[in-house]
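Residue numbers (our numbering), protein chains in the order written: chain U, 1 to 497; chain Z, 1001 to 1370; chain V, 2001 to 2350. Yeah, the Cβ is synthetic: ideal placement off N, Cα and C, and Gly gets one too.
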Amino acid sequence: MLHRVRKTGSRLAAYVLGGVAALAVITPGQAQEFEGVSIDVMTFTGPQIAEPLQRRAPDFAALNGAEVNVITVPFSDLYTKLLTDWATGTNSVDAAVFAPQWMVDYVGPGFLQDITDWVAADEALQVDDIAPFFREFSQQYGGRTYLVTLDGDFQMVYYRTDVLAELGLEPPETWADYVAIAAAAHGNDLNGDGSADYGSCIAKKRNAQSYWMITSIAAGYLQSQGTSQGAFFDTDDMTPLVDNPAFEAALDVYLETTQFAPPDETNLDVGDTRALFTTGRCALTLDWGDIGTLAIDPETSQVIDKVGAVMLPGSRQVLDRDSGEMVECDSEICPHAVNGVNRAPFAAFGGWSGGINAAADDQVKRAAYAFFSYMSQPAQSNHDVTVGITGFNPYRISQFETLDNWLAAGMSETAADSYLGAIKDSLNSPNMVLDLRIPRNQAYQQVVLDTAIARLLAGEIDKAQAMQAIAAGWSELNEEEGTDAQLAFYRASIGAD
Amino acid sequence: MRQHQSFAEWIDRAAGQIMIWPAVLILLAFSIFPLLVSAYLTVTRFRLAPGGFELRYVGWLNFKKLLFGSQQYHLLGTFSALTATDWLIFALAAGTAAWLFVGAVRSGTVGTVGLIGRLIAAAVLLALLLLALAVTGDGAFPGTLVVTVFYVLAGVSVQFLLGLGLALLCAQRILGRSVFRVVFFIPLTVTPVGIAYLFRMLADVGKGPLTPLLAAFGLGEVSWAADPWSARLVVLIGDTWQWTPFLFLILLAAVENQPRDQVEAARLDGAGDWQVFRDVTWPAIAPVAATVVLIRLIEAFKIIDLPNILTNGGPGIATESLTLHAFIAWRTQDLGGSAAVGYTLLAVAVVCCVSFFHFVVRRARAHERP
Amino acid sequence: MTDHRAGLWRRLTEPKSLDRMAPLPALLTYAALIAWSVVVLFPLYWLLITSFKLPVQVNDGPDYLPFLDFQPSLHAWEYLFVTVGSDTLRPYVNSLVVALASTVLATLIGSLAAYALVRVRYRVKLGAVLAFLLILAGVVVGVLRFGIDWRVALAAGTALMLLVLLTLAPRLRTAVGNEDIQFWIISNRILPPVVVVLPIYMMFQRLGLLDTHVALIATYTAVNLPIVVWLMRDFFASIPVDLEESAQLDGASRFGIVFTIVLPLARAGLAATFLLVLILAWNEYLLALFLSTADAQTMPLLVAAQNATRGPQWWTMSALILIMIAPVIALTALLQRAIARGLIVGAVKG
């Protein structure tokens, strides 16, 4: 990682200079606008995410005088740390870079600053360059903007181009294809070390990130009519969309892939599956954009230029919400289907974004906004997303329109085409699934959904019981929080109103 | 000068109070108040609200959910019907308890408070036994309560035996004694979070150092993490690695403090190793041993880092401990549920520790030199 | 033949003299000690080599021997000490300050209390204890449930308590003794920290002490006091009381006796207790997570933080664990001598 930073040092300087110049032109005479202002920005201990913030803070200070202190806490506890600080009124954190999924918990009680007007007045941000999904859903809540997107997160399927070529198979379009490829590749030696490798590696560890994986699989079966249809609840009465044949089909895929996986797959977190995939031990994996940059890093990868990416696979049958049955796709029920396959990319997690504490001083809030805007502006961001250590994945249209940055970062043209193509396809899909953003979404996903899936994998309960457990658990939470209130939150988050 | 004298006298007279009050005050500030606040949390629901948060009173709903409602499988487990053997075991245990209780009543030396305490202890321990029987067997799965009790019982006894054995070995006249002592002590110095990650590294099926060894035994394609008992075993191994040194260190100090003249006298009388241990060493170290086991018992009930990092409580909920259960609830804003789990732990641990204190520690101390 | 065998067996199993070990037990002893040493040391060896591995070497492992199986790299060490040097050093210094200060305080206060519990007989009126609990509960419920200002509630509670102490308490008879106090002290450690961390956080927030050394030192002193009291109690109890009695006859004060006779005699116990408490404070995670934000962050947070979005960074994590245990092991080796010496002195005097 060190090497990378140094290697790109000169290029970096050029970009920074470019950024400084660009900003100086746009905001003349305001160079030291925030003289003496100090902003405490919290995020998790990196290097990912924290590294670019720390690296660019001095440049930002030189630009307008504001001092940015990046405070880092362990990743696993960032949410509770922020919540405690803001909810108890300590307010030692002025701004934070966190997951947009947490936004709803913070917006409700008024912890987050509404930045709609600031964004509208900010030309340097080039907000129209941010892909529509992030601009209109991820940054916003109920039509108002609260966050500045710094990173684009959604899940894709990665495959080994050499393995598929050898097997004579095409990249998966449906989950059935995925399972078929996994079955064909499983047990073959994929990295030339003489030992049998695995067809598919999916992080299925409990209490980690596996609940996003099951949703990624289920998305294509559940949602066919666009983002505002939703994939978690019925938008009329908040009935959980889990106790139905579509979710069952997803569970089947989830369980089937386990047969073509490492023996300890149920104890693998994404860090583990990434290590397995980049050392060439898996034919397929399901992951965020990180694999793209990890796979071209010689310090971590043995599969340089052997990795392709596709938008999440889908299904030819989808759930008909009226009858509750699976129906074949047609132009009416699956308006966005390609080749008769309904695909629904899942914006799991949603991408690290900057939000500002509403209780901070006015000047601090403005400075914090200026910092996030600076970080997101193409001059900075278009470089940062090509560097693995930043943990930033592309989210701006200009970032996948031009290949130059990627080729400079060490990606081959084919790999860049495949990777950026998959990102572009996903981001352009009107059928993207927004992650669950209602109050206490952690309880819905990390506790109820995650535990039921883990128990299913462990054989403690069967498929039907798992689906009932999730449906019952979600309904119970709905009642605890007020079903009508949760419905309103849900509809607002996916733009169903 | 006189003033000074009387002040010194006062200090001397009040020494008993001066020595204990700082400790009591600090503990009051840091434990009673938080304890009462969290007791209040158990009957409320935490909600974020404009300007901060609110605690809505919900009565005993949190406990109801855990004991009878949607979280029953989590705390208590999934039950199966009790078999004849289960009932037999339970009847035996209940009979023994009743016999002991009648004995205590008839001895006439136990007061009312003591009898009530014994009744409570018997009820809780028997209930735990019944629960343990109900959640083992076909189609049944233990919840976090039984899993925690298992960790405590299995872990503490293994660690005590290992620690005692190592202490006895180390107390002999051997070469490099101080080196062994420092080495054996090391695991305790590693931060618990670090130990958990270390064992995750060591136990990794693909890239861990034991992989070739396992493959040689034909276990290469088997994952310990997929089977409930092997996963619990790995958690226990990590726990044992971490805590054996604690028992070792204290027991070693105790063994070396035993009256040497008595040991030598016994040896001159021709006593064997076992006799020396039974007649001299054991009575001498019993008070310290009882204390250190009690301390370890208390810490063992709070096991969290190893299951949290090794398996995150999986497969299913097989390795989840009570503290981890409370931690997960707490992390997802369920402060009331978390406090309720914490209080369940408190209740069980207090009953176990009080019983241990009364029936073991006090008896061991009866031999203490005055 | 049989005779010869029996002779050999005797030579192997019976010591030549009382202070020497026979060959066979000695062999078994060493075998057991070395086996356990391997169990203890191998994981540490694995940490050490992992800290010199590149990610790709860890992920593609297992590799056992540096230079033979893999080419060691300093990248993790360089990252920790050069790239983010001050972010590694600051928590390290914080940990040192917090652990040492809280351990000294806890050992001092706890030892005094432990000594007092062994030598002084206390009788606390049960009624007063119950009244105290009830009043405190009333204050807490008043503040949390009915929104009474906490200062008002606290003042009212104190007044009520004084009233009880002055009027009711003298008439009550049932009292709690030393053993009950001891048990109460240790019971403070039973509740898992996750349940009490929020109230403690709120307490320090009100005092404006969040993210300071003071908050962590005070908290660690409190949570480790029970351990000190309990361990030291046993060591004090094993000191013959006649030594103290004769000193008392010579006119020594209580504190004089404690500091000149008792504590030196309990040196071995003190050293062991000090070490244990230091380790507990040095390694504590959850309370540190909440009471510190930036300035006062301690090392365990940094270790845990090595598992972020990319999965555990085994190499940097291993390096961090190693630099965390280094000073503690050094101290152990140092105190080990003190423990041994303390024992010899004790043995001579006893």
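Contacts of residue i in chain Z (Cβ-Cβ under 7 Å)
i, result
"Arg-206(U)", "Asn-1312, Gly-1313 and Gly-1314"
"Asn-2188(V)", "Leu-1027 and Ser-1031"
Buried or exposed by the 16-neighbour rule on C-beta atoms within 10 Å, applied to residue i
i, result
"Thr-402(U)", "exposed"
"Trp-1099(Z)", "exposed"
"Ile-1250(Z)", "buried"
"Pro-262(U)", "buried"
"Phe-1007(Z)", "exposed"
"Asp-236(U)", "exposed"
"Trp-474(U)", "buried"
"Arg-1045(Z)", "buried"
"Gly-2147(V)", "exposed"
"Asp-1269(Z)", "exposed"
"Asp-243(U)", "buried"
"Pro-2091(V)", "buried"
"Pro-2264(V)", "exposed"
Closer than 8 Å at the beta carbon, the chain Z residues around residue i
i, result
"Ala-87(U)", "Leu-1048, Gly-1052 and Phe-1053"
"Arg-160(U)", "Ordered by position in chain Z, no residue passes the 8 Å Cβ test against Arg-160(U), which lies about 17 Å from the chain."
Under 8 Å by beta carbon: chain U residues contacting residue i
i, result
"Tyr-2201(V)", "Thr-84 and Thr-88"
"Phe-2290(V)", "Lys-81 and Thr-84"
"Pro-2226(V)", "Those within 8 Å of Pro-2226(V) in chain U number zero; the least Cβ separation is about 26 Å."
Neighbour flag for residue i against chain U, beta carbons, 8 Å
i, result
"Phe-2146(V)", "no"
"Ser-1223(Z)", "yes"
"Ala-2319(V)", "no"
"Leu-2210(V)", "yes"
"Leu-1133(Z)", "no"
"Gly-1218(Z)", "no"
"Ala-1340(Z)", "no"
Short Cβ contact (8 Å threshold) for residue i with residue j
i, j, result
"Leu-53(U)", "Met-375(U)", "yes"
"Ala-1196(Z)", "Gly-1238(Z)", "yes"
"Val-70(U)", "Pro-439(U)", "no"
"Ala-1225(Z)", "Asn-267(U)", "yes"
"Leu-1322(Z)", "Leu-1345(Z)", "yes"
"Phe-371(U)", "Phe-154(U)", "no"
"Phe-111(U)", "Asn-342(U)", "no"
Test: residue i CB closer than 8 Å to a CB of chain V
i, result
"Trp-1330(Z)", "yes"
"Tyr-1073(Z)", "no"
"Met-1019(Z)", "yes"
"Val-1350(Z)", "yes"
"Thr-390(U)", "no"
Within chain U, the residues that residue i reaches when beta carbons sit closer than 9 Å
i, result
"Ala-2156(V)", "Result: empty, since nearest Cβ-Cβ is about 24 Å, beyond 9 Å."
Beta-carbon neighbours of residue i, restricted to chain V and to distances below 9 Å
i, result
"Asp-1012(Z)", "Ser-2253, Arg-2254, Phe-2255 and Gly-2256"
Closer than 8 Å to chain Z by CB, residue i
i, result
"Asp-105(U)", "yes"
"Asp-2087(V)", "no"
"Gln-302(U)", "no"
"Ile-2261(V)", "no"
"Trp-2230(V)", "yes"
Per-residue contacts from residue i into chain V (C-beta, under 8 Å)
i, result
"Phe-508(U)", "Only positions 1 to 497 of chain U appear in the structure, and residue 508(U) is not among them; the question remains open."
"Arg-274(U)", "Arg-2310 and Gly-2311"
Per-residue contacts from residue i into chain V (C-beta, under 7 Å)
i, result
"Val-1190(Z)", "Ile-2321 and Ile-2325"
Residues that residue i contacts on chain U, provided the C-beta gap is smaller than 7 Å
i, result
"Thr-2293(V)", "Ile-71 and Ser-92"
Q) Taking the runs of the alpha helix (DSSP H) that are 4 residues or longer, which of them lie wholly in the segment 137–174 of chain U? A) DSSP runs (the alpha helix (DSSP H)) wholly in the segment 137–174 of chain U: 161–167.
Q: Ignoring anything shorter than 4 residues or poking outside the segment 373–423 of chain U, list the alpha helix (DSSP H) runs there in chain order.
A: Segments of the alpha helix (DSSP H) lying fully in the segment 373–423 of chain U: 378–384, 397–401 and 404–408.
Q: Quick one: which unbroken alpha helix (DSSP H) runs of 4-plus residues sit fully inside the segment 2042–2123 of chain V? Chain order, please.
A: 2055–2059, 2075–2078 and 2085–2119, all fully within the segment 2042–2123 of chain V.
Q) Which runs of the beta strand (DSSP E), 3 residues or longer, sit entirely within the segment 1261–1332 of chain Z? A) Correct list: empty.
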